[in-house]
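Q:
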Amino acid sequence: MTLEASVVGGSGFTGGELLRLLSGHPEFAVTQATSRSYDGKTVGSVHPNLRGLDLRFSDPTDLDSVDVLFAATPHGVSMEQIDEFEDAADTVVDLSADFRLSQESQYDEWYDGHVCPEYLEKSEYALPEINRENLPGADLIAAGGCNATATILGLKPLFDADILSGDEQVVVDVKVGSSEGGAGGGEASSHPERSGIVRPYAPTGHRHEAEIEEFLGLSVSFTVHAVDMTRGAAATCHVFPDGPVSKGDLWGAYRESYEDEPFMRMVAGGSGVYRYPEPKAVAGSNFGEVGFEVDPGNKRLVVFSAIDNMMKGSAGQAVHAANVALGFEETAGLDFAGLHPVGAP
Amino acid sequence: MTLEASVVGGSGFTGGELLRLLSGHPEFAVTQATSRSYDGKTVGSVHPNLRGLDLRFSDPTDLDSVDVLFAATPHGVSMEQIDEFEDAADTVVDLSADFRLSQESQYDEWYDGHVCPEYLEKSEYALPEINRENLPGADLIAAGGCNATATILGLKPLFDADILSGDEQVVVDVKVGSSEGGAGGGEASSHPERSGIVRPYAPTGHRHEAEIEEFLGLSVSFTVHAVDMTRGAAATCHVFPDGPVSKGDLWGAYRESYEDEPFMRMVAGGSGVYRYPEPKAVAGSNFGEVGFEVDPGNKRLVVFSAIDNMMKGSAGQAVHAANVALGFEETAGLDFAGLHPVGAP
Amino acid sequence: MTLEASVVGGSGFTGGELLRLLSGHPEFAVTQATSRSYDGKTVGSVHPNLRGLDLRFSDPTDLDSVDVLFAATPHGVSMEQIDEFEDAADTVVDLSADFRLSQESQYDEWYDGHVCPEYLEKSEYALPEINRENLPGADLIAAGGCNATATILGLKPLFDADILSGDEQVVVDVKVGSSEGGAGGGEASSHPERSGIVRPYAPTGHRHEAEIEEFLGLSVSFTVHAVDMTRGAAATCHVFPDGPVSKGDLWGAYRESYEDEPFMRMVAGGSGVYRYPEPKAVAGSNFGEVGFEVDPGNKRLVVFSAIDNMMKGSAGQAVHAANVALGFEETAGLDFAGLHPVGAP
Amino acid sequence: MTLEASVVGGSGFTGGELLRLLSGHPEFAVTQATSRSYDGKTVGSVHPNLRGLDLRFSDPTDLDSVDVLFAATPHGVSMEQIDEFEDAADTVVDLSADFRLSQESQYDEWYDGHVCPEYLEKSEYALPEINRENLPGADLIAAGGCNATATILGLKPLFDADILSGDEQVVVDVKVGSSEGGAGGGEASSHPERSGIVRPYAPTGHRHEAEIEEFLGLSVSFTVHAVDMTRGAAATCHVFPDGPVSKGDLWGAYRESYEDEPFMRMVAGGSGVYRYPEPKAVAGSNFGEVGFEVDPGNKRLVVFSAIDNMMKGSAGQAVHAANVALGFEETAGLDFAGLHPVGAP
Amino acid sequence: MTEADCVECGAEVSLHDDLEVGEIIDCGTCGAELEVIDVNPPVLDRAPELEEDWGE
Amino acid sequence: MTEADCVECGAEVSLHDDLEVGEIIDCGTCGAELEVIDVNPPVLDRAPELEEDWGE
Ligand SMILES: NC(=O)c1ccc[n+]([C@@H]2O[C@H](COP(=O)([O-])OP(=O)(O)OC[C@H]3O[C@@H](n4cnc5c(N)ncnc54)[C@H](OP(=O)(O)O)[C@@H]3O)[C@@H](O)[C@H]2O)c1
Ligand SMILES: NC(=O)c1ccc[n+]([C@@H]2O[C@H](COP(=O)([O-])OP(=O)(O)OC[C@H]3O[C@@H](n4cnc5c(N)ncnc54)[C@H](OP(=O)(O)O)[C@@H]3O)[C@@H](O)[C@H]2O)c1
Ligand SMILES: NC(=O)c1ccc[n+]([C@@H]2O[C@H](COP(=O)([O-])OP(=O)(O)OC[C@H]3O[C@@H](n4cnc5c(N)ncnc54)[C@H](OP(=O)(O)O)[C@@H]3O)[C@@H](O)[C@H]2O)c1
Ligand SMILES: NC(=O)c1ccc[n+]([C@@H]2O[C@H](COP(=O)([O-])OP(=O)(O)OC[C@H]3O[C@@H](n4cnc5c(N)ncnc54)[C@H](OP(=O)(O)O)[C@@H]3O)[C@@H](O)[C@H]2O)c1
Ligand SMILES: [Zn+2]
Ligand SMILES: [Zn+2]
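Protein chains in written order, with full-length UniProt numbering: chain S, 1 to 345; chain E, 1 to 345; chain F, 1 to 345; chain G, 1 to 345; chain W, 1 to 56; chain A, 1 to 56.
#1: If you measure between the beta carbons of Ala-306 (chain G) and Pro-277 (chain G), is that distance less than 8 Å?
#2: Please return the same chain residues whose Cβ sits closer than 7 Å to the Cβ of Ala-332 (chain F), not counting the five positions on each side in sequence.
#3: I'd like the list of long-range same chain contacts for Leu-101 (chain E), defined as Cβ closer than 8 Å, with 5 residues on each side in sequence excluded.
#4: Are there any heavy atoms of ligand 2 lying less than 7 Å away from the beta-carbon of Met-310 (chain E), as far as the coordinates show?
#5: Could you tell me which residues DSSP pairs with Asp-54 (chain E) in its beta bridges?
#6: Hey, does Glu-211 (chain F) have any beta-carbon neighbour from chain E nearer than 8 Å?
#7: By DSSP, does Lys-156 (chain E) sit in helix, in strand, or in coil?
#8: Is the shortest distance between the beta-carbon of Thr-42 (chain S) and the beta-carbons of chain W less than 8 Å?
#9: Write down the C-beta distance between Glu-33 (chain A) and Leu-44 (chain A) rounded to the nearest angstrom, noting that I regard them as a contact closer than 8 Å.
#10: For Gln-32 (chain G), list the residues DSSP reports as bridge partners.
#11: Checking contacts by CB at 8 Å: is Arg-199 (chain F) closer than that to chain E?
#12: Give a yes or no on whether 8 Å exceeds the smallest Cβ distance from Ala-161 (chain E) to chain W.
#13: Hey, Glu-180 (chain E) and Pro-241 (chain E): beta-carbon distance below 8 Å or not?
#14: Mind checking Gly-55 (chain A): buried by the 16 CB within 10 Å criterion, or exposed?
#15: Spell out whether any CB of chain G is found under 8 Å from the CB atom of Thr-230 (chain E).
#16: Return helix, strand or coil for Ala-318 (chain F), following the three-state DSSP convention.
#17: Could one say the Cβ of His-319 (chain F) lies closer than 8 Å to chain G's Cβ atoms, at least one of them?
#18: List, in order along the chain, the chain A residues whose C-beta lies closer than 9 Å to that of Asp-54 (chain G)?
#19: Cβ of Glu-84 (chain E) versus every heavy atom of ligand 2: is any distance shorter than 7 Å?
#20: Rounded to the nearest angstrom, how far is the Cβ of Val-68 (chain F) from that of Leu-140 (chain F), given a contact under 8 Å?
#21: Does the beta carbon of Asp-167 (chain S) come closer than 8 Å to any beta carbon on chain E?
#22: So which residues on chain G does Thr-151 (chain S) lean against when the C-beta distance must stay under 7 Å?
#23: Less than 8 Å between the CB atoms is what I'm expecting for Val-176 (chain S) and Val-220 (chain S), so what's the real figure, rounded?
#24: Which residues bound the beta strand (DSSP E) around Gln-169 (chain F)?
#25: Taking 8 Å as the CB-CB cut-off, is Glu-187 (chain E) touching chain G?
#26: In whole angstroms, what is the alpha-carbon distance linking Asp-53 (chain A) and Gly-269 (chain S)?
#27: Got a sec: is the Cβ-Cβ distance from Pro-128 (chain S) to anything in chain E below 8 Å?
#28: Check the Cβ-Cβ distances between Glu-52 (chain W) and every residue of chain S, and say whether any is below 8 Å.
#29: Would you say Cys-237 (chain F) and Val-172 (chain F) are within 8 Å of each other, going by their C-beta atoms?
#30: Could you pull out every unbroken beta strand (DSSP E) segment of at least 3 residues lying fully inside the segment 233 to 298 of chain E, listed in chain order?
#31: Are at least three pairs of beta-carbons, each pair with one atom in the segment 288 to 308 of chain G and one in the segment 249 to 263 of chain G, less than 8 Å apart?
#32: Answer yes if the segment 310 to 327 of chain S comes into contact with the segment 125 to 142 of chain S, meaning at least three C-beta pairs across the two stretches below 8 Å, and no otherwise.
#33: Sort F:Ile-163, F:Arg-265 and F:Ala-235 by Cα distance to Cys-146 (chain F) and report the nearest one.
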């Protein structure tokens, strides 16, 4: 029996991904996609890949009753409208930062406070690799931030295997594509100014530090660069563990954590062109790649992690979490393998 | 009941697409992928998106018996080995130019001759939009050239609707991505030399002119440019019909030809960012987009056509044709919608 | 003795190029650069390559007296302010379309009319390759449109050599980069939407047809595509002359027209990676490349032409014309050779 | 009086840059450019921007006598041929790693040993910002590695100002363009495989660590990623100093070191699109940009540094050093400002 | 849901039930902006063209 | 230095002094590969075309 789903913020980038995924999902039927700016227009007029979809945007003030409501709105919108969302749907999956952290104080520190902190306790972080056991039956699910997701996926096995405890020094140097900024975009994201760049866009103080600290218990030195691709987030974690760690230890740790994960791939050496994680190897798919190398001279581990920011880093993660929450096949609707070759997807 | 399929030339670009499509196809199981250079290596070591596939390349001299053999080898290879291919499989689908034309003399004129002209008569051109009725039961199928496919799809409705008869002047100006050259590539396709280009790579005399003439009965002035994308072929056809043609006439013609086609989309104006066919709107998918505009002052029609060269332009077309030939659902294994946004896929 | 120069519209793309060229020019000193939005800010805050320039933007309502005023404002601005410009400077060089055509009626047909048609007669088209003899002493100079410039440079030798007379059929298929749209840019020119494209942005009816007709006496079938580069305009002219033309005839014609031109290069075959004109071979420089091929089967000539839209296509052309007008060395300030390799400049 | 200069390895990427710079240099005349593969061909057939240069490649076994010989050959070539080079020229400027380090043991550790260690003592490192005083009169000059140059330029002011002493932990995460690999290139640098990437190409153990240690006395944790641009190297240095450091301290340190440097620019905040160093802001020019931010929460400084790998990172640095060595104006031949906007240069 | 033919391309445009005169909808096939002229039965006409800027 | 006319494009091609019959040089204008047929005076002819692969 198909469940009905709606997407609030359907004209945005992650909203478009949700519409693509849900309309190809065996268990869902999309009944509503909202947009204030494109109210009344076909979904295909904004998302050309969805020209085959017979659906028009409607206004978010008039929400259909559905089984699952996905919200893909900017930070701050969902916390204002959570009561309407909960009225309209049994399950709410939110892609913004509004329900990711557990404490109101974190929102005071990293964001501009919170208007309904009582929801923070009941919401569940979407990333199944770290929170699968709490998802079944959850009715408020918060998809992770894309840079945080890449980082958490890269580092988590080191905690699982007690290679890290949380006090170590970790530098995370992230490279992201232009879709991370969402649709619209000003001068800095115009094609002439943004193409071909390596641009430090969050040198320090990126809000995703809060999320990483929340879920790994680790304070990281975090810097984000914009580079010339549209999809993709790649995190390079420079890790300084207390004692010596061999590459065999690392393989053991990562296999232990991810061997049975349907969307995690380990890539750490070998031959060929693609020897470490790369965003373009997973672009368009819900896969995450992790890999690593040891640097004994500097007592360092280097961990690489790559995802598609709009898939594993948001819409894909949201659908994956919904699958777990609702008891569906975990990979339902998420079976696209990605492309090869692919330019800058 | 699943059919067994093999891919000769599985380490190449279109071979990789075939492996991706066939391994996700409900009616096929891939049993062999050949490569001389990567013999014994995993398919995923070459095609990183297929790391999940449990298959290793094997040598093409030792072909498995299968139901369907797909060949994705350079021009000239299949005609040398067609007997082995036919021995190994009930149905052979070839992606090269070796069996596209019907006359040996055409191979003498445009290629370096043909070693088994007796097969030319029995082979069927794969493009269902122009040859659907002859595909069921075919046992040798020749997938079209990507630039020819883009051109034929763009112009065919004008012939169907008697707007063109074959004597008119038509200039076809094509723009293609780097995957058209296949894996490997020399200095001209190295990243520093090939990025950011508009390079006239076939100013005149492109071999696909033969294919277009064969299937449309039209001699076209054909020029191909390499541009900075990896996937995609876009044909701009400048057409000079005998009498005046309105935009309404064109809508009528294109709807008549393509309304019921599962993979054809018409895009010709409207609002939004994507108003005419664009390769990135179909990248990764088997869709073809066609559109048009009238230029009364110059007595010209401009027809735009966009495909993914490795999908609708080869591997996708091949699978589509196999679906028709074998009586499967036409869209089986070809349901990926494409991505939005997407950079230069 | 150095002349004083100002740039109205100095915060824009071509205005930035003018500032770069003029500040490195041996005969000019830049005294003013205007911008309403960046009034008071350093030039380097907008154009990072000009961080070394000690100059701040000022408001265009308060123009310095200078020897030469360059205007790089959107269409329509210069015609409104031409009296102020003429008051402020002895020589005005305008980069917009406002003074390119000679008849008011052309502005009625192609633009939104003209407010000071009396200036049309006295203004001189900047392109020295077609109007050198009229530039010395001119006091109102109109730099050509970039797509028109590329086309005119490509076709002019065919007229000089009587290969074309003006009645022939010519299709011009242009490919341009994103800087052609100027700074700012909306959703269609955001990086995620604009990267990797082949987008028909002016299928028919492009205003530059008027300019081409004005200077070549030829009505062309003109279509412009946006492709993934920032700088560059490449025109492919498909030409159908009356009688047969050999490649030797073409070499003769092009050498005759351009052999002594300091900024024109002929590229038509040969070996190596760069065998025909390519925008990236001239990017950043004031060079224009032209080349050709014959297609006897289709009674066609194919002419290729490539320029940097912001150099030979506007700011460089403007400085070149000013050099001629003022009696300077033609190449003064324009000696940058371009780069190799270069990505998508 | 003009000096004669030759370029060994003139068909390569940095060799092409040397030819461009030297042929536009007021004090040099280029008399020879060698290439074994293109012996006899015009320089312009390989470097399209130099089509105007009347020079043909000749064989490196037959070296002209010149004042200055620039060698732009792969590592290992110059050390084999240094005697011939010294015979042919008074001054040798080498762009390879062969004479950068001072100890034979370093070549044993990081490279494959050295065949003429006696030259190591007399050679001078080219980077004027750290070695200006030793360049005048030097007759063997070794241009730095591009990634090392970016890193050294970023960190040096911290040493000058005693913010770092050499024992601190420093992570250097570098992003580079495709020209760093030189002309030619195999499958990994083909356009389809290399475009749109964030690829960890030297996760650990990069040879430039040796150079950084040699000149800063600092052991760094070094990782290099290939990203989608052709020119450019951007180093992000994550620095953990012993005590607290304010942004004011940093401005003081960097101004102290670089205020009078003709090619160094400080960019650390402000408004506009370009707020920190970016390779595309310096592409094609000899400028280096450095900037920084403080992260008190993590007791970290983040230092950004950006250069054009083929200019400040090799050919430009070489010419700059030659200017200093020979007593020319430091900026002679190096006055190109770079471009704005520019795509992925 | 009712339907009407697009005046630009002739394709069927599906219309929602509470359609109002003056409403502008786009055709899913050709993208044309269509104005609802009448509702019962529905009649569409090409909406007055907004000369939209479209980059470049 | 002597000179000869390119047989492809007609431009002057500058020739070095120790020119030998059979040598192949490219024309700086059109890029054509030219074979030295005679040296005194120098005569050039189009070199036999090597069907060079050029990507795609
Ligand atoms: N892009 C990514 O890679 C990424 C990754 C992880 C998480 N996220 C998060 O996902 C969310 C969506 O991001 P995005 O990149 O998809 O953004 P986007 O492209 O800007 O789209 C935002 C969407 O929300 C709608 N919207 C905006 N304000 C609204 C309001 N007040 N009420 C109702 N709808 C509103 C917009 O449509 P109208 O204005 O027409 O209504 C649009 O459909 C954000 O919270 C973002 O942080 C994004
Ligand atoms: N790329 C496109 O967009 C496109 C579009 C339409 C049609 N096509 C056609 O599709 C065919 C394949 O193109 P591609 O781009 O995929 O080429 P490709 O990337 O170069 O791959 C060629 C494949 O064939 C194998 N191969 C080469 N020579 C062989 C031989 N003698 N015997 C057996 N296997 C051999 C290669 O592997 P090993 O060398 O390791 O054996 C490789 O797997 C060509 O005929 C091409 O014209 C391509
Ligand atoms: N881009 C090209 O490749 C190209 C090629 C050939 C010709 N052109 C022509 O060159 C001109 C400039 O193009 P662009 O691409 O450089 O445009 P742009 O980047 O948009 O710059 C326009 C400049 O004009 C200023 N401006 C706008 N309205 C003004 C007004 N009413 N009064 C005074 N200043 C005004 C703007 O600054 P403020 O708004 O801050 O004042 C800005 O500095 C256009 O006419 C264009 O058609 C451009
Ligand atoms: N690319 C960069 O960004 C960069 C930056 C800093 C330093 N460097 C260093 O600069 C040097 C050149 O780098 P590149 O990128 O310019 O390399 P490249 O593009 O590969 O060029 C190498 C040049 O050397 C010639 N050559 C090769 N082997 C030779 C030999 N045995 N004898 C004489 N000539 C030989 C080649 O021409 P023929 O084979 O035709 O003779 C070619 O002209 C390298 O040492 C590199 O490490 C490069
Ligand atoms: Zn319609
Ligand atoms: Zn010639």
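Ideal Cβ placement from N, Cα and C applies to all residues, glycine included. In this text the structure is predicted, and so the values were computed from the model without any measurement.
A: Judging by the given coordinates:
#1: One-based indexing of the fourth sequence puts residue 306 (chain G) at position 306. One-based indexing of the fourth sequence puts residue 277 (chain G) at position 277. In contact: Ala-306 (chain G) and Pro-277 (chain G) (Cβ atoms closer than 8 Å).
#2: Looking up residue 332 (chain F) in the third sequence gives position 332. Closer than 7 Å at the Cβ level, and outside the excluded window around Ala-332 (chain F), lie His-25, Pro-26, Glu-27 and Asn-323.
#3: The residue labelled residue 101 (chain E) in the question sits at position 101 within the second sequence. Once the five neighbours on either side are set aside, the close Cβ partners of Leu-101 (chain E) are Tyr-107, Trp-110, Leu-120, Ala-210, Glu-211 and Glu-214.
#4: Here residue 310 (chain E) is taken as the residue at index 310 of the second sequence, counted from 1. Met-310 (chain E) Cβ: within cutoff of ligand 2.
#5: For the purposes of this step, residue 54 (chain E) is taken as the residue at position 54 of the second sequence. BP columns for Asp-54 (chain E) are empty, so no partner.
#6: Here residue 211 (chain F) refers to the residue found at position 211 of the third sequence. It does not; no Cβ of chain E falls within 8 Å.
#7: Locating residue 156 (chain E) in the second sequence gives position 156, counting from the first residue. Three-state result, Lys-156 (chain E): helix.
#8: Reading the first sequence from its first residue, position 42 is the one you call residue 42 (chain S). Yes, contact with chain W.
#9: The sequence position of residue 33 (chain A) within the sixth sequence is 33, counting from 1. The sequence position of residue 44 (chain A) within the sixth sequence is 44, counting from 1. Wrong, their Cβ atoms sit about 10 Å apart, outside the cutoff.
#10: For this step, residue 32 (chain G) is matched to residue 32 along the fourth sequence. Beta-bridge pairing links Gln-32 (chain G) to G:Ser-6.
#11: Taking the first residue of the third sequence as position 1, residue 199 (chain F) is located at position 199. Chain E, which has a Cβ nearer than 8 Å to the Cβ of Arg-199 (chain F), makes this yes.
#12: Within the second sequence, residue 161 (chain E) is the residue found at index 161, counting from 1. Not closer than 8 Å to any Cβ of chain W, the Cβ of Ala-161 (chain E) fails to qualify, so no.
#13: The sequence position of residue 180 (chain E) within the second sequence is 180, counting from 1. The sequence position of residue 241 (chain E) within the second sequence is 241, counting from 1. In this structure, Pro-241 (chain E) does not lie closer than 8 Å to Glu-180 (chain E) by Cβ.
#14: Taking the sixth sequence and counting its residues from 1, the one referred to as residue 55 (chain A) is at position 55. Note that Gly-55 (chain A) scores a pLDDT of 40, beneath 50, so its modelled location is shaky and nothing firm can be said.
#15: On the second sequence, residue 230 (chain E) is found 230 positions in, with the first residue counted as 1. Output row for Thr-230 (chain E): interface = yes.
#16: Within the third sequence, the letter at position 318 stands for residue 318 (chain F). Helix, per DSSP.
#17: Position 319 of the third sequence, counted from the first residue, corresponds to residue 319 (chain F). Before going further, note that residue 319 (chain F) is Val rather than His in the sequence given. With 8 Å as the cut-off, Val-319 (chain F) does not count as an interface residue toward chain G.
#18: Here residue 54 (chain G) refers to the residue found at position 54 when the fourth sequence is read from its first residue. Under the 9 Å cutoff, chain A gives Ser-14 and Gly-28.
#19: As a working mapping, residue 84 (chain E) is identified with position 84 in the second sequence. No - ligand 2 has no heavy atom lying nearer than 7 Å to the Cβ of Glu-84 (chain E).
#20: Taking the first residue of the third sequence as position 1, residue 68 (chain F) is located at position 68. Taking the first residue of the third sequence as position 1, residue 140 (chain F) is located at position 140. Incorrect: roughly 11 Å between the Cβ atoms, too far for contact.
#21: Counting from 1 along the first sequence, the entry for residue 167 (chain S) is found at position 167. Not one chain E Cβ lies under 8 Å of Asp-167 (chain S).
#22: Locating residue 151 (chain S) in the first sequence gives position 151, where the first residue counts as 1. The premise fails here: Thr-151 (chain S) is roughly 14 Å from chain G at the closest Cβ pair, so nothing lies under 7 Å.
#23: Within the first sequence, numbered from 1, the residue matching residue 176 (chain S) stands at position 176. Within the first sequence, numbered from 1, the residue matching residue 220 (chain S) stands at position 220. Going by Cβ atoms, the distance from Val-176 (chain S) to Val-220 (chain S) rounds to 16 Å, so no, they are not a contact pair.
#24: Here residue 169 (chain F) corresponds to residue number 169 of the third sequence, with the count starting at 1. Per DSSP, Gln-169 (chain F) belongs to the beta strand (DSSP E) from 169 to 176.
#25: Locating residue 187 (chain E) in the second sequence gives position 187, counting from the first residue. So yes, Glu-187 (chain E) belongs to the interface.
#26: Counted from its first residue, the sixth sequence places residue 53 (chain A) at position 53. Counted from its first residue, the first sequence places residue 269 (chain S) at position 269. Residue confidence for Asp-53 (chain A) is low, a pLDDT of 43 falling below 50, so the modelled location carries little weight; the figure read from the coordinates is stated next. Straight-line Cα distance between these residues: approximately 33 Å.
#27: Residue 128 (chain S) sits at position 128 when you count from the first residue of the first sequence. Pro-128 (chain S) does not count as touching chain E.
#28: As a first step, residue 52 (chain W) must be located in the fifth sequence, where it is residue number 52. Bear in mind that a pLDDT of 43 at Glu-52 (chain W), under 50, signals an unreliable position, so the number given afterwards is only what the model happens to contain. Taking Cβ atoms only, chain S never reaches closer than 8 Å to Glu-52 (chain W), which makes this a no.
#29: Here residue 237 (chain F) refers to the residue found at position 237 of the third sequence. Here residue 172 (chain F) refers to the residue found at position 172 of the third sequence. Yes, the Cβ-Cβ distance between Cys-237 (chain F) and Val-172 (chain F) is below 8 Å.
#30: 233 to 240, 264 to 266 and 288 to 295
#31: yes
#32: yes
#33: Sequence index remark: in the third sequence, residue 146 (chain F) carries index 146 (1-based). Out of F:Ile-163, F:Arg-265 and F:Ala-235, F:Ala-235 has the C-alpha closest to the C-alpha of Cys-146 (chain F).
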